[in-house]
Structure formats: structure tokens, C-alpha cells
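Asker:
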Amino acid sequence: MNVEITEFEKRFCFELCPVTQLCGQNVRKKNYIFESLRRYFGTFKYSESKNKWRDNVFIDNNQVGRKFFSVLSISNKIDIIQMIKMTEQSLLMEYVKNIIQDFDWQLHLRNLSEEIEIMFQIINDQVNKVGDIEISYAMSDVWDMVQKSEVSGIDDTELSDKSNAELILILLNIVDNVLKNNPKKTLILFENLDHLVSL
50 MNVEITEFEK
60 RFCFELCPVT
70 QLCGQNVRKK
80 NYIFESLRRY
90 FGTFKYSESK
100 NKWRDNVFID
110 NNQVGRKFFS
120 VLSISNKIDI
130 IQMIKMTEQS
140 LLMEYVKNII
150 QDFDWQLHLR
160 NLSEEIEIMF
170 QIINDQVNKV
180 GDIEISYAMS
190 DVWDMVQKSE
200 VSGIDDTELS
210 DKSNAELILI
220 LLNIVDNVLK
230 NNPKKTLILF
240 ENLDHLVSL
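Residue numbering for the sequence shown follows the numbering used here, starting at 50 and increasing by one per position.
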């Protein structure tokens with residue numbers, strides 16, 4: 050797959066393979082290519098002042114849509130950890146949703162609901178004694194609990210204590226599993242990967 054990035058009258062071309070590393074001493078050029086790919090295929094909104102990035106990416110001599118690739122852009126350890134954390138838009142959340150589809154979530158919710166109902170009945174037996182009030186819950190709170198779960202290493206280690214190489218491997222494994230359930234063209238951009246894994 051041949052990629053061409055334009056910057057006004059300049060053209061930067063390279064072959065995009067399963068793994069492609071941009072080498073050389075022209076840091077400005079590499080940064081421009083990286084930023085062009087990130088902005089074009091990401092959710093970046095163009096402003097008039099940044100017109101040089103508008104429609105400047107061609108693949109095999111064709112202008113492709115901005116959704117041609119799903120883009121993951123990583124430039125530091127914090128970016129990796131954000132993708133591994135449980136947030137509404139994180140890769141790990143997408144992976145967990147896929148896992149939930151593979152087992153009887155509803156059966157577990159019913160069992161959990163029965164247990165929670167017993168717990169709340171015990172609590173409310175006491176709370177009712179202070180007046181006409183009670184504590185309630187909704188089963189949607191269980192999904193909120195999953196979404197707000199903290200992610201840590203096994204044996205309760207912090208993600209920030211893991212090496213960049215280990216975090217990258219975890220991230221790539223999550224991406225691999227997500228793409229098995231939802232195949233899509235994905236472009237993973239590592240800025241200064243050699244620096245990231247050597248820290």
C-alpha cells in the first residue's frame with residue numbers, strides 16, 4: 050500500500066506495510082507525516098488556519114475517506130495507559146464488552162440482583178426505623194460498576210509501574226482481541242517507538 054502525504058507542493062511517499070518505521074534525520078518531515086496520518090484518520094476537526102492537513106493523504110494514488118483507517122496514536126506511556134484503562138471509549142472497554150457477549154451476562158445479573166436485593170432488604174429494615182425512607186438501587190448500577198472498575202496488574206500492581214515494552218505488548222494484545230470480534234483496518238501510530246521501549 051503506497052501512501053502519499055502532501056504539504057502544499059511537497060510530496061512525501063512511503064510504502065505502508067504491516068510494520069513501517071519512518072527513519073532518517075529529518076524530524077520535521079517525520080513529525081509532519083505522523084501528524085498528517087493522525088489528523089486525517091483521527092477525529093481531528095480542521096480549522097482554516099490548519100488547511101495544509103485537509104485532504105492531504107492519498108493511498109495508492111487515491112484520496113480515501115477519513116474512516117478508511119481507525120487510528121490509535123501513541124506518543125508516550127500515558128497514552129498507552131489511557132487506552133488500557135476502563136473508560137467509556139477505551140480499547141479495554143470494547144474488549145470487555147466483547148467478553149460479556151461470550152457468556153450469560155443476564156444469568157449472572159439475575160443472581161447478583163437476588164443477592165443485592167437481600168443486602169438492601171437487611172439495610173432497609175434498619176433504615177425504615179428512622180422514618181419513611183429506604184435505600185434503592187438499579188441493575189444499571191452494576192454496569193456502571195464495571196465501567197468504573199480500576200485496572201491494575203496482577204497482584205494489585207500499578208500500570209504505571211510496568212515497563213513501556215510490557216504496556217505496549219498488553220495494548221497490542223487488546224487490539225488483536227478487539228479486531229478478532231470487530232475486524233477493521235487499524236493504523237497504530239507509535240511516535241518514537243525506539244525511545245518508548247528503551248526507557
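Glycine included, every Cβ here is placed at the ideal spot set by N, Cα and C. Everything numeric in this text was worked out from a predicted model, so none of it was measured.
Beta-carbon within less than 6 Å of I237's beta-carbon, same chain only, minus the 5 sequence neighbours each way: which residues are those?
Answerer: So the qualifying residues of the chain are L121.
Asker: Just mark M50 as buried or exposed, buried being the case when its beta carbon has 16 or more other beta carbons within 10 Å.
Answerer: Exposed is the call here.
Asker: In terms of residues, what are the limits of the beta strand (DSSP E) holding V145?
Answerer: Looking at the DSSP string, V145 is not in any beta strand (DSSP E); the run it does join, the alpha helix (DSSP H), is 140-150.
Asker: Leaving out five residues before and five after N119 in sequence, what residues of the same chain have Cβ atoms less than 8 Å from its Cβ?
Answerer: Reading off the sequence shown, one finds Ser at residue 119, where the question assumed Asn. Within the same chain, S119 has close Cβ partners F90, K233, K234, T235, L236.
Asker: Measure the CB-CB distance between K229 and I219 and report whether it falls below 9 Å.
Answerer: Not in contact: K229 and I219 (Cβ atoms no closer than 9 Å).
Asker: Quick check on DSSP: helix, strand or coil for E163?
Answerer: Of the three classes helix, strand and coil, the one that applies to E163 here is helix, per DSSP.
Asker: Tell me which residues share the same chain as N226 and place their Cβ nearer than 8 Å to its Cβ, disregarding the 5 neighbours each side in the sequence.
Answerer: The residues are Y144, N147.
Asker: For R87, which residues of its own chain have a beta-carbon under 8 Å away from its beta-carbon, when the five flanking residues on both sides are left out?
Answerer: For R87, where only same-chain residues beyond five positions count, the Cβ hits under 8 Å are F93, V120, S122, L238.
Asker: Cα separation between G163 and D181?
Answerer: Correcting the residue type first, residue 163 is Glu in the shown sequence and not Gly. Between E163 and D181, the C-alpha separation is close to 23 Å.
Asker: Can you check which of these residues, E84, N160, E183, is closest to I171 by C-alpha distance?
Answerer: It is E183.
Asker: If you follow the alpha helix (DSSP H) that N241 is part of, which residue opens it and which one closes it?
Answerer: That residue, N241, is in no alpha helix (DSSP H); it is neither H nor E in DSSP.
Asker: Which residue from Q70, N222, Q155 puts its Cα closest to that of W192?
Answerer: The shortest C-alpha separation from W192 is found at Q155.
Asker: If I measure Cβ to Cβ from E215 and keep anything under 8 Å in the same chain, skipping five residues before and after, which residues do I get?
Answerer: Excluding residues within five positions, none has a Cβ falling inside 8 Å.
Asker: Starting from the C-beta of I165, find all residues in its chain whose C-beta is less than 7 Å away, skip the five residues before and the five after it, and write them out in chain order.
Answerer: For I165, where only same-chain residues beyond five positions count, the Cβ hits under 7 Å are Y186.
Asker: If you run the structure through DSSP and keep just helix, strand and coil, what is S209?
Answerer: In the structure shown, S209 sits in a helix (DSSP, three-state: H, G or I).
Asker: Would you check if there are 3 or more beta carbon pairs closer than 8 Å linking the segment 101-111 to the segment 74-88?
Answerer: A contact exists between the segment 101-111 and the segment 74-88.
Asker: DSSP has K59 in a bridge; who is on the other side?
Answerer: In the DSSP output, where bridge partners are listed per residue, K59 has E56.
Asker: May I have the straight-line CA-CA distance separating K197 from D243, to the nearest angstrom?
Answerer: Rounded to whole angstroms, K197 to D243 spans 33 Å at the Cα level.
Asker: DSSP state of N231, grouped into three classes?
Answerer: N231: coil per DSSP, three-state reduction.
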